[in-house]
Structure formats: C-alpha cells, structure tokens
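Peer 1: So that we are looking at the same thing, I have put the structure below in structure tokens.
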Ligand SMILES: [Zn+2]
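Residue numbers (this note's numbering): 2 to 390.
Given below as structure tokens:
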C-alpha cells in the first residue's frame, strides 16, 4: 500500500496508510516494537489492549513492521519511522531467532509466567514449525540489514542506523564517496563516521545524521511510551573536532559542506539506563516500568534471578549498574539493580527477600532453557499479579 501510494502519488492510499500507521503505533505496539496482540486471528486487538503474557508479536509481523516503517521513511523522510524500525529490529525482531542461528520463536511475548504450574506461551525455541513462515522470513531478512543503514535522495545521504561498515555511494553523477562507520553501538554511544570523496577537490553534499528519539528523551514517536526522568548527558555531534549546533530537521542533523578526504563526524549518544512507562490506557502496564538502555529493551530471565521473575517488585528509586559480559549470550551489556522478591510460602503466608536484579537484552532471552521471563515490572506490591489474580 505504501509502495503504491508513493509510486502513483495516490493521495487516498497515502492518507489511509498514514492513518493506519498512526493507529498502530499510538495504540497497538508493544515496547519491543512487536505487533499483534491476538494469536487467534494473528492480528491487531482493540486500542491499548497490550496483554503481556498473551502477546503474540509474531516474528513475521516485526519484519513486516520494519518493511512498513522503512517505506514510510522513504515517503516522508522523517526519522520517527527509523526510530520505530530500530526499536523493532533490535528487540522484537531478532528475538525471533536463537543465538545458535538455527532455532526460532514464532511468538515474542513480554513475559513467560508460571500459571497453574505451567509456563505460559511458546517458551521454547524450535528449529521448525508446521506453518514455518518465521524461520524462512527471518533468514531472508537478516542479509538485507545492510540496506537499512543508509538512504539517499538527490545529494543527501541519510545515516539511519549505526552499524560499523564501509560503503561507497554515488552522491552526484559519477561522484563517489566512501563512508566508514566505526562504533560499538548499541553498547556504547560514540560513533565515528569517516567521509572520503573520490574527487581530490572534495564533494559538496549533505549528510543527514539521525539523532534517535531515545537520545532526546523521547522513548517512542507517539505518547504510547515515555521515559521517567531525563538524560544526564546530551547528544553531541562534531565535524573534525568542532561541535555543531544541534538543530534538527525531521529528526536529522543536516551537515551540508564541501566534504574532503579525512573529514570525520563524531556522534556521541548518551547511553544511560532508562525507566520506561506505558500510556495509562494500557491496563496491563499500570504501575509498572520497563528498563531500557539506548535502543535496547531489557528483560529479567529466571536463570539470573533466583528461578522466578513473576514475583519481582522493582523499586523505581535505584541506580542500575551496567556491565559488559563478553562471555554471556555472545557478549551483552547486562544491567544490575535490586528487586524485592515475594515468595509464597503457603496459602496464608508470604515472605519478602531483597535480591540482586539482573537484566539481559530482550532479544537474547530463551537461550538458556525454559522458565519465567519478564519485561514489565511492578514497582508496588498492589500491581503484582501473583498476589492479585
Ligand atoms: Zn511467521
């Protein structure tokens, strides 16, 4: 629909696809970028109905969302679509494939919880499914990721994703430029972009570098999700060591100049642990927080948290520690905080223990056996489901 709208300039299609986008991303998207609340009909549910344990979020739907948001960006040139694309890509999409590269999840829910002695959801990765759309779809999608890093229009080069790479592109007829990105993103926020025009005299064109919403205190392009508190550090962009004024155009800083060999753009994005809340109309997330770091959504898994996660209360007032673990889950940044665990002793008594809370990126879940997992944490006892259900 988006392709037809842009290729034919059909305004009715354009208005319709934009309206559907507004609805889907204002009222029907999970924090991981996952789409589709209802497994029964593999589709959207009512507005703001985003159940956590029964979230469907099919891997194919996340891939479709990347395709859709990329086309919306191509139509409007607005970074908000890449913000959704990035959130989906690094969270709800790649969580569909195991770290072994050969086991998959069809569904990508926000939690696995033991209910009536049974673990909810499709909690085991599988090499194949009866209806095996997701494994084949993700295998087709992964090699296409380089195509999402840059975009070009006239003499503008858009830097959309921060992935280390070297690319050569034709900016004006027969005028090539080689761009090299170096970073340890998303674990670190400093990105170096080396620009090397082939022409020794240099090349005049504009680099549009995306400044992600999350780096500007905007968790999501709509009011569906918001951060608590504000960033301590600010975004900084420099060209050859000279700081630039952060004037944004559709979410991009435009740097139009005569680029010469050896020119370097340095972008520094504030990587900080954030607490995210959902719109108050999302019933399942009332009184809860999710924890994020840059573009990455985190979760707690049973393995790191004393066997359970449905009994955890995560107080808002606390500092999380970041720690990169090179040998864990192919190398991940873990977050460490403190949780209060409610332990049910019998029908009439509970006790509470304070324990370390260990969080891993959501995409790396379900690689160490089956057990409880959770993205949204109650901050108060009254929102703990095991006591209130
Ligand atoms: Zn599928």
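Glycine included, C-beta positions come from ideal geometry on N, C-alpha and C.
How big is the Cα-Cα spacing for residue 388 and residue 376?
Peer 2: 18 Å
Peer 1: Is residue 188 helix, strand or coil by DSSP?
Peer 2: coil
Peer 1: For residue 173, which residues of its own chain have a beta-carbon under 6 Å away from its beta-carbon, when the five flanking residues on both sides are left out?
Peer 2: In the same chain as residue 173, and ignoring 5 residues on each side of it, the C-beta atoms closer than 6 Å to its own belong to 156, in chain order.
Peer 1: Run through the region 120 to 197 for me and flag every whole alpha helix (DSSP H) of 4 or more residues, listed as ranges in chain order.
Peer 2: 134 to 142
Peer 1: Do you know whose CA, among 27, 122, 145 and 134, lies nearest residue 373's CA?
Peer 2: For residue 373, the nearest C-alpha among the options comes from 122.
Peer 1: Quick one: residues in its chain with C-beta nearer than 6 Å to the C-beta of residue 321, no 5 flanking neighbours on either side, listed in chain order?
Peer 2: 274, 336 and 338
Peer 1: State the DSSP-derived secondary structure class of residue 388, mapped to helix, strand or coil.
Peer 2: helix
Peer 1: Am I right that residue 169 and residue 183 are in contact with their C-beta atoms under 8 Å? What's the rounded C-beta distance?
Peer 2: Contact flag wrong, Cβ pair sits at about 16 Å.
Peer 1: Mind checking residue 129: buried by the 16 CB within 10 Å criterion, or exposed?
Peer 2: exposed
Peer 1: Hey, quick one: how far does the alpha helix (DSSP H) through residue 69 stretch, first residue to last?
Peer 2: 60 to 77
Peer 1: Can you find at least 3 beta carbon pairs, one from the region 66 to 78 and one from the region 299 to 319, that sit closer than 8 Å?
Peer 2: no
Peer 1: Is residue 138 near ligand 1 - that is, is its Cβ less than 7 Å away from at least one heavy atom of it?
Peer 2: The nearest non-hydrogen atom of ligand 1 is less than 7 Å from the C-beta of residue 138.
Peer 1: Give me the residue from 158, 201 and 226 with the minimum Cα distance to residue 194.
Peer 2: 158
Peer 1: When you compare each of 351, 364, 354 and 313 to residue 114 by their alpha carbons, which one comes out closest?
Peer 2: That would be 313, whose Cα lies nearest to the Cα of residue 114.
Peer 1: Taking only three categories from DSSP, how would you classify residue 263?
Peer 2: coil
Peer 1: Please confirm whether any heavy atom of ligand 1 lies closer than 7 Å to the CB of residue 59.
Peer 2: Yes - ligand 1 has a heavy atom lying nearer than 7 Å to the Cβ of residue 59.
Peer 1: Evaluate residue 279 with the Cβ neighbour count: other Cβ atoms within 10 Å of its Cβ, from every protein chain shown; 16 or more gives buried, anything less gives exposed.
Peer 2: Under this definition residue 279 is a buried residue.
Peer 1: How would you label residue 147, buried or exposed, when you count the other beta carbons within 10 angstroms and need 16 or more for buried?
Peer 2: Under this definition residue 147 is an exposed residue.
Peer 1: I need the boundaries of the alpha helix (DSSP H) containing residue 82, first residue and last residue.
Peer 2: 80 to 88
Peer 1: If you draw a straight line from the alpha carbon of residue 285 to that of residue 50, how long is it in whole angstroms?
Peer 2: 8 Å
Peer 1: Mind checking whether the beta-carbon of residue 134 lies closer than 7 Å to any heavy atom of ligand 1?
Peer 2: yes
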